[in-house]
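All letters in the sequence shown, in the order written, are residues 146 to 459 by this note's numbering.
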Amino acid sequence: MEFLSVQNLVKNYGDFTAVDNLSFSVNEGEIFGLLGPNGAGKSTTMNVISTLCDFTRGKVTVDGFDLVKNRSDVKRIIGMVPQDLALYPFLTAEENVKFFASLYGLRGKKLHTAVNEALEFVGLSDRAKMKPKKMSGGMKRRLNIACGIAHNPKLIIMDEPTVGVDAQSREHILGSIKTLRERGATVIYTSHYMNEVEEICDRITIIDHGKSIASGTEQELISKLSDSKTLKITTKIKSDFPVKELLSELSSLPDVNHARIDENEIILEIKTSCRDFALYPEHIKQRGLPIRGITSESVNLEDIFIALTGKELR
Ligand code: ADP
Ligand code: MG
146 MEFLSVQNLV KNYGDFTAVD NLSFSVNEGE IFGLLGPNGA GKSTTMNVIS
196 TLCDFTRGKV TVDGFDLVKN RSDVKRIIGM VPQDLALYPF LTAEENVKFF
246 ASLYGLRGKK LHTAVNEALE FVGLSDRAKM KPKKMSGGMK RRLNIACGIA
296 HNPKLIIMDE PTVGVDAQSR EHILGSIKTL RERGATVIYT SHYMNEVEEI
346 CDRITIIDHG KSIASGTEQE LISKLSDSKT LKITTKIKSD FPVKELLSEL
396 SSLPDVNHAR IDENEIILEI KTSCRDFALY PEHIKQRGLP IRGITSESVN
446 LEDIFIALTG KELR
């Protein structure tokens with residue numbers, strides 16, 4: 146069931162368009178990934194959904210509530226973990242979580258339990274009395290998460306929650322996001338780290354310059370956008386070998402999308418529908434070149450991203 150719907154969202158800052166007709170939807174109980182390079186418009190989109198900033202055009206609904214008409218209903222069911230840490234340096238960890246949870250109307254025993262549970266959840270129970278200024282980057286990130294989820298929101302928005310954290314905190318954070326899903330929450334996760342999105346997200350939208358450029362599950366994105374597999378054949382090429390001719394022969398063999406040579410490696414992009422991969426090394430052998438090794442790899446999300454945006458993520 147659709148939980149969040151973003152339709153034709155536009156956000157202008159003066160005459161600059163940060164989010165450009167963006168549409169996507171998130172189903173109840175899934176971890177949805179918004180992936181894009183820096184400046185793509187991820188935070189702006191998250192800030193709009195979490196009611197922190199207004200928008201120029203479009204329609205957003207959360208659990209059936211319209212973001213403009215039912216703003217306070219939307220606020221009640223979302224929890225925001227912002228990209229820029231939102232913590233009070235002179236309050237303890239416990240007091241920080243308490244402050245944010247109380248904004249959602251929690252009081253007394255309920256508040257106390259919610260704070261303890263949130264600290265426990267992010268692994269900071271033993272640091273309840275510590276102030277953020279004494280914490281490592283990873284601990285601050287985890288506290289930031291505790292502040293965003295203590296009121297048990299149905300929709301949790303996490304904007305680059307692993308930036309600048311140590312490996313241990315990162316694993317803890319990724320694990321805790323999966324646990325939130327198991328508990329029934331719906332999560333939007335933004336990142337410019339491909340591997341994280343691959344690891345935890347059920348569905349993904351890739352954005353660049355405020356526009357959606359591809360959406361689907363990891364496998365759907367890969368099969369939608371790529372129909373080739375890379376075959377690398379290692380050989381030994383002497384300097385007088387007619388490389389150009391060999392490449393043109395290989396390019397004209399069935400199912401070859403592209404052929405190139407990198408020193409002693411012949412790299413072929415072959416259609417995934419190809420049934421006879423042996424054809425290519427066989428041809429190379431017939432031209433008198435030795436076959437020293439063959440490796441094959443499928444295209445991954447990172448290749449797709451580079452193909453679509455012309456940019457590396459990191
Ligand atoms: P991301 O989170 O994907 O890195 P942002 O949403 O932060 O991207 O930014 C998208 C674009 O909007 C960037 O070009 C950024 O410089 C611009 N931008 C963000 N906030 C503002 C603002 N308050 N005023 C003007 N431009 C902004
Ligand atoms: Mg951002």
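Glycine is no exception: its CB is placed at the ideal position from the N, C-alpha and C atoms. None of these values were measured; they are calculated from a predicted model.
Starting from the C-beta of residue i, find all residues in its chain whose C-beta is less than 6 Å away, skip the five residues before and the five after it, and write them out in chain order.
i      : result
PRO227 : ASP304
ILE382 : ASN409
PHE210 : ASP218 and VAL219
TYR249 : HIS296
GLU173 : MET146, PHE148 and THR331
ALA163 : LYS156, GLY186, THR189 and GLY355
THR206 : SER150
ASN192 : CYS198
LYS274 : THR237
What does a CB cutoff of less than 7 Å around residue i pick up in its chain, not counting 5 residues either side in sequence?
i      : result
THR201 : VAL155, LYS156 and ASN157
GLU363 : GLU343, ILE349 and LEU446
LEU269 : ALA238, MET284, ARG287, LEU288 and ALA291
SER384 : none
VAL388 : ILE382 and ILE406
ARG118 : Since the first residue of the chain shown is 146 and the last is 459, residue 118 is not available in this structure.
GLU341 : THR307 and LEU319
If you draw a straight line from the C-alpha of residue i to the C-alpha of residue j, how long is it?
i      : j      : result
ILE406 : GLU343 : 30 Å
PHE450 : ARG252 : 46 Å
PHE266 : ASP160 : 43 Å
ARG459 : SER336 : No answer about ARG459 holds up, because its pLDDT of 49 lies below 50 and its placement is not dependable.
LYS204 : LEU398 : 50 Å
GLY320 : ARG287 : 12 Å
PRO426 : ILE436 : 7 Å
VAL242 : VAL401 : 57 Å
ILE352 : GLU147 : 20 Å
ILE194 : SER360 : 19 Å
ASN215 : ILE302 : 18 Å
VAL171 : ASP448 : 25 Å
THR379 : LYS187 : 42 Å
CYS198 : ILE294 : 20 Å
GLU394 : SER443 : 23 Å
MET225 : ILE318 : 15 Å
SER418 : ILE411 : 20 Å
GLU262 : LYS276 : 18 Å
GLY282 : ARG272 : 14 Å
GLY438 : SER368 : 27 Å
ASP229 : ASP208 : 26 Å
LYS254 : PRO298 : 18 Å
PHE244 : MET280 : 18 Å
GLU327 : ALA312 : 23 Å
Considering only DSSP beta bridges, list what residue i is partnered with.
i      : result
LEU300 : ILE223 and THR331
ILE406 : ILE411
LYS233 : It should be pointed out that residue 233 corresponds to Tyr in this sequence rather than to Lys. TYR233 is not bridged to any residue.
TYR158 : PHE161
ASN172 : GLU147
SER357 : ILE352
GLU363 : GLU363 is not bridged to any residue.
SER336 : LEU180
LEU376 : LEU413 and SER441
ASP271 : Bridge partners of ASP271: none, in fact.
For residue i, which residues from the same chain have a beta carbon less than 8 Å from its beta carbon, with the 5 sequence-adjacent residues on both sides left out?
i      : result
SER441 : LYS374, THR375, LEU376, LYS377 and PHE422
LYS278 : PRO234 and PHE235
THR324 : PHE266
THR196 : LEU212, ARG216, VAL219, LYS220 and ILE223
ARG420 : none
SER396 : HIS403 and ALA404
Under 9 Å, do residue i and residue j count as touching if we go by C-beta distance?
i      : j      : result
ASN166 : ASN153 : yes
ASP347 : ILE176 : yes
GLY309 : ALA185 : no
GLU414 : HIS403 : yes
LEU149 : LEU300 : yes
ALA231 : LEU264 : no
MET284 : SER314 : yes
ILE322 : ILE345 : yes
LEU424 : LEU391 : no
PHE169 : LEU180 : no
LYS416 : ASP372 : yes
Check: Does the region 246 to 261 come close enough to the region 329 to 346 to have 3 or more Cβ pairs within less than 8 Å?
Finding: The region 246 to 261 makes no contact with the region 329 to 346: fewer than 3 CB pairs, one atom from each, lie closer than 8 Å.
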